[in-house]
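**Q**
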Amino acid sequence: MVEDAYGHAIGDVFFAVSPLALVTLIAIIFLPNIPLSSKSNAERLAEQSKKLPAESAGATLVEVSTGAIPMIDVDAAERAAAERDRGENPPTGRDSR
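Okay, here's the thing in structure tokens:
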């Protein structure tokens, strides 16, 4: 009984997948025949870098510019806070919280 169930199941699967296999084989026939590369990626990159002239390679570089970063003068900030605490330099109202 178990053998009969497996036999019918295998037959059903075969008949269901056979058209798909046939369509796949026909699609493979229409694929173009492109030869595989015999060079590794590192070899191709080395060959491309040899082809590029040094002048054009330098033209693609970007110059990085740096500038000064504004820093808070800690001593001045502490003096201003102390003056505000003593009432010598009251807040202007823009920073009233």
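One point on numbering: in the UniProt record's numbering, the residue at position 65 of the sequence shown is 65, and numbering is uninterrupted. C-beta atoms are modelled at their ideal positions from N, C-alpha and C, and glycine is treated no differently.
1. How would you write the range of the alpha helix (DSSP H) that Lys51 sits in, first residue to last?
2. Assuming Ala77 is part of the alpha helix (DSSP H), what are its boundary residues?
3. Going straight from the alpha carbon of Ala80 to that of Met71, what length do you get?
4. Would you kindly work out how many angstroms separate the C-alpha atoms of Tyr6 and Pro19, rounded to a whole number?
**A** Well, looking at it:
1. Element bounds for Lys51: Asn41 to Lys51.
2. Boundaries of the alpha helix (DSSP H) harbouring Ala77: Val74 to Arg86, taken from the DSSP string.
3. As the crow flies, the alpha-carbon of Ala80 is around 16 Å from that of Met71.
4. One Cα belongs to Tyr6, the other to Pro19, and the distance between them is close to 21 Å.
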